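*Asks:* Just so you know, we're using the numbering used here here: the sequence shown kicks off at 185 and counts up by one. Yeah, the Cβ is synthetic: ideal placement off N, Cα and C, and Gly gets one too. If you're wondering where the values come from, they're calculated on a predicted model, not measured in any experiment.
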Amino acid sequence: MFGQPEISDILEILLFMIRSAIRELAGAEDSVLVTAAFNKSPIQIWNVDTRIQLGEIDAKFASGAKNLTIHPKGLYIATGRSSATSGTIALYETPGGSLLWERGRLKYPSHLRFSRSGESLYCTINSRTVETIDAKTGSRTRVRDGVRAFYEGISGTTLLVPTSGDFYFIGHNATNTQVGIPRLTFALLDVAFNADSIFVAESGGPVRCMKNSGNEIWRFDPPPGSHILKLHWSIKDRCCYGILHHYKTGAFRRLLRFQQDGREQCICDLNSWDELFVSKQNELLTSNGDIFDLADGRSVGKLAFPLIDYPEFPR
Numbered sequence: 185m186f187g188q189p190e191i192s193d194i195l196e197i198l199l200f201m202i203r204s205a206i207r208e209l210a211g212a213e214d215s216v217l218v219t220a221a222f223n224k225s226p227i228q229i230w231n232v233d234t235r236i237q238l239g240e241i242d243a244k245f246a247s248g249a250k251n252l253t254i255h256p257k258g259l260y261i262a263t264g265r266s267s268a269t270s271g272t273i274a275l276y277e278t279p280g281g282s283l284l285w286e287r288g289r290l291k292y293p294s295h296l297r298f299s300r301s302g303e304s305l306y307c308t309i310n311s312r313t314v315e316t317i318d319a320k321t322g323s324r325t326r327v328r329d330g331v332r333a334f335y336e337g338i339s340g341t342t343l344l345v346p347t348s349g350d351f352y353f354i355g356h357n358a359t360n361t362q363v364g365i366p367r368l369t370f371a372l373l374d375v376a377f378n379a380d381s382i383f384v385a386e387s388g389g390p391v392r393c394m395k396n397s398g399n400e401i402w403r404f405d406p407p408p409g410s411h412i413l414k415l416h417w418s419i420k421d422r423c424c425y426g427i428l429h430h431y432k433t434g435a436f437r438r439l440l441r442f443q444q445d446g447r448e449q450c451i452c453d454l455n456s457w458d459e460l461f462v463s464k465q466n467e468l469l470t471s472n473g474d475i476f477d478l479a480d481g482r483s484v485g486k487l488a489f490p491l492i493d494y495p496e497f498p499r
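1. Mapping the DSSP letters down to three states, classify residue 447 as helix, strand or coil.
2. Give every residue of the same chain whose Cβ lies closer than 8 Å to the Cβ of residue 230, excluding the five residues on either side of it in the sequence, and list them in chain order.
3. Output needed for residue 255: all residues of its chain with C-beta closer than 7 Å, excluding positions within five of it in sequence on either side, in chain order.
4. Cutting at 6 Å between CB atoms, please list the residues of its own chain near residue 458, excluding the five before and the five after it.
5. In this structure, how does DSSP classify residue 206 when only helix, strand and coil are distinguished?
6. Pull up the distance between the alpha-carbon of residue 327 and that of residue 480, whole angstroms please.
7. Between residue 494 and residue 205, what straight-line distance do the alpha-carbon atoms span, to the nearest angstrom?
8. Which class does residue 167 belong to by DSSP, given the choice of helix, strand or coil?
9. In whole angstroms, what is the alpha-carbon distance linking residue 319 and residue 381?
10. Using only the alpha-carbon positions, how far apart do residue 500 and residue 245 sit?
11. Identify the continuous beta strand (DSSP E) that holds residue 329 and give its terminal residues.
12. For residue 337 and residue 376, what's the separation of their Cα atoms in angstroms?
13. My assumption, with CB atoms under 8 Å, is that residue 252 sits in contact with residue 273. Please give the rounded CB distance.
14. Any idea which residues DSSP pairs residue 293 with across the strands?
15. Which runs of the alpha helix (DSSP H), 4 residues or longer, sit entirely within the stretch 227-266?
16. Rounded C-beta distance between residue 389 and residue 411? I'm assuming under 8 Å.
17. Figure out for me which residue from 383, 292 and 355 has the closest Cα to the Cα of residue 268.
18. When the distance is taken between beta carbons, is residue 438 closer than 8 Å to residue 450?
19. According to DSSP, what are the bridge partners of residue 298?
20. How big is the Cα-Cα spacing for residue 462 and residue 433?
21. Using the beta-carbon count (16 or more within 10 Å), is residue 366 buried or exposed?
22. Looking at C-alpha atoms only, which residue of 373, 403, 363 and 418 is the closest neighbour of residue 379?
23. Which residue from 468, 259 and 270 puts its Cα closest to that of residue 214?
24. Note the first and the last residue of the continuous beta strand (DSSP E) segment covering residue 428.
25. Would you kindly work out how many angstroms separate the C-alpha atoms of residue 334 and residue 360, rounded to a whole number?
26. If you drop the 5 nearest sequence neighbours on each side, which residues of the same chain put their C-beta closer than 7 Å to that of residue 223?
27. Can you tell me whether residue 491 is helix, strand or coil according to DSSP?
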């Protein structure tokens with residue numbers, strides 16, 4: 185799918201990718217607000233519909249541990265900074281950026297995300313415990329020991345990722361039951377849900393679509409040296425999208441669409457460091473500021489993200 189890349193092509197794409205000062209994106213499920221973060225603070229707040237920057241927050245944040253998340257309705261932003269002894273998570277209002285609460289002295293906080301209701305936050309501590317946190321107060325309300333990550337889906341479906349073992353577990357809140365599905369590689373990269381199915385992408389492995397019962401519907405095996413970094417279920421298009429990344433070179437990324445039978449279609453090529461599926465608009469935003477229509481890959485706009493000026497960047 186990627187062919188044999190030339191070294192010059194790889195270097196040119198990598199230079200283009202790192203020219204953007206933005207390293208991490210996060211969006212709200214039911215809002216047009218998105219956040220764009222530098223490698224460290226500050227964090228910019230944008231309206232992806234009007235293409236206008238609304239504000240900038242000097243937040244406690246460091247890129248690389250998935251510690252940037254925004255409330256489903258865009259009311260708050262939660263950030264984190266991972267460290268062995270002085271890790272921090274904090275909550276800010278939008279778009280003004282007032283600090284509402286802060287928790288410190290945490291050990292390697294990561295994978296920070298809001299619950300679907302927006303009432304709670306989930307945060308992984310030291311890769312072995314998931315805390316549920318009251319979004320209003322910052323207080324811990326539940327601890328899941330022996331868990332690396334916890335994902336909340338549609339209609340009360342969840343996915344629990346244990347720190348060890350050969351299975352992930354699909355949970356059903358209505359019946360208080362769990363179904364195990366095989367773990368195929370060493371790391372889970374992303375999860376997406378629809379009403380009756382779950383999509384799972386693993387590092388160096390396939391994308392699998394499974395019924396909530398655990399039965400596999402289809403499987404996509406990426407080309408050698410690549411995997412799917414991110415997944416998204418589009419309610420409008422009624423299909424799953426993924427970001428294909430060639431991890432051996434680090435330079436090639438593509439937007440793919442998966443049909444209901446698992447057949448993949450390349451929508452467009454991407455030259456970006458990070459991407460965000462904007463649910464409200466059915467669009468894809470990249471760390472370069474480019475906005476693409478999910479259905480056909482058309483460029484439909486751009487956010488004026490800051491750039492880093494590299495003298496050797498090819499003009």
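*Replies:* Once the coordinates are examined:
1. coil
2. 217, 218, 219, 220, 236, 237, 238 and 487
3. 212, 298 and 302
4. 208, 209 and 471
5. coil
6. 43 Å
7. Unreliable placement is indicated for residue 494, whose pLDDT of 48 sits below 50; the coordinate value is still reported in the next sentence. Rounded to the nearest angstrom, the two C-alpha atoms are 11 Å apart.
8. In the structure displayed, the chain extends from 185 to 499; residue 167 sits before or after that span and is not available.
9. 28 Å
10. Any answer about residue 500 is impossible in this case: the structure gives the chain only from 185 up to 499.
11. 324-329
12. 7 Å
13. Residue 252 to residue 273, Cβ: 11 Å. No contact.
14. 309
15. none
16. 7 Å
17. 292
18. yes
19. 305
20. 27 Å
21. exposed
22. 418
23. 259
24. 423-430
25. 16 Å
26. 207 and 247
27. strand
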